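Asks: In numbering that gives the first Met the number 0, the protein residues as written are 0 to 127.
Idealized CB from N, CA, C, for every residue including glycine.
Just so it is clear, the structure is predicted and the values come from calculations on it, not from any experiment.
Below is a structure I'd like to ask you about.
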Amino acid sequence: MTRLLYVEDNDDNAFMLQMRFALLEHFHLHIAVNGRDGIEAARTMAPDPILMDIDLTDLDGLEVTRRLKADADTADIPIIAVTAHAMTGDREKALATGCDEFDTKPVNFDRLLGKIEACLRGRRPNGT
Ligand code: MN
C-alpha cells in the first residue's frame with residue numbers, strides 16, 4: 000500500500016484526487032486541509048510521498064516544505080508540489096525550496112501518477 004498525503008485547501012481538488020486514487024487499490028490518500036495539519040499528518044503517518052498545494056490558507060506550501068525538510072523525521076519524504084502557478088521560475092523555486100518534483104493544475108492524473116511512481120523509485124522523470 001502506498002500512503003499519500005495531499006495537502007490541499009480546495010475541496011473540489013481534494014475530492015477529485017480522492018476519487019481517482021480510490022479506483023487504484025494500492026493507494027491510500029489522506030487529505031490535510033492546511034499547512035499546519037499537513038505538517039502534523041506528515042509526522043504521524045510518515046507518508047510515502049506528499050502532494051503539496053502551494054496556495055494554502057495558513058502557511059504556504061513552500062514554507063510547509065521548508066519545515067518538513069528541516070526536520071530529520073520528515074526530511075526524507077518526497078514532496079511533489081502541485082500548483083496552478085505555472086509561470087517560468089515557479090518549478091525552479093519549488094525545487095530550490097526542497098520539493099522533489101513539481102506538477103501543474105489542472106491535474107493530469109496519469110502524468111501525476113508517473114511522477115509519484117518516479118519519486119517512489121527515487122529518481123526524477125525527465126521534463127515537467
Ligand atoms: Mn490552494
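Is the CB-CB distance between L61 and A41 below 8 Å?
Replies: Residue mapping note: residue 61 aligns to position 62 of the sequence shown, counting from 1. Residue mapping note: residue 41 aligns to position 42 of the sequence shown, counting from 1. No, the Cβ-Cβ distance between L61 and A41 is not below 8 Å.
Asks: Using DSSP with H/G/I as helix, E/B as strand and the rest coil, what is E100?
Replies: Taking the first residue of the sequence shown as 1, we reach residue 100 at position 101. Three-state DSSP puts E100 in a strand.
Asks: Which parts of the region 43-120 are runs of the beta strand (DSSP E), unbroken and 3 residues or longer, counting only runs that do not cross its ends?
Replies: Within the region 43-120, the complete beta strand (DSSP E) runs of at least 3 residues are 49-52, 78-82, 100-103.
Asks: Give a yes or no on whether the minimum CB-CB distance between L55 and chain C is below 8 Å.
Replies: The structure shown has no chain C; it contains just one protein chain.
Asks: May I have the straight-line CA-CA distance separating R35 from I53, to the nearest angstrom?
Replies: On the sequence shown, residue 35 is found 36 positions in, with the first residue counted as 1. On the sequence shown, residue 53 is found 54 positions in, with the first residue counted as 1. The alpha-carbon atoms of R35 and I53 are separated by roughly 13 Å.
Asks: Where does L16 sit, in a helix, a strand or coil, going by DSSP?
Replies: Your numbering for residue 16 matches position 17 in the sequence shown. Correct three-state label for L16: helix.
Asks: Measuring CA to CA, which of C98, G121, Q17, D47 is closest to T64?
Replies: As a position in the sequence shown, residue 64 is number 65, starting the count at 1. T64 has its Cα closest to that of C98, out of C98, G121, Q17, D47.
Asks: Report the residue from V81, I79, M44 whose alpha carbon sits nearest the alpha carbon of D72.
Replies: As a working mapping, residue 72 is identified with position 73 in the sequence shown. Selected option, being the one with the closest Cα: M44.
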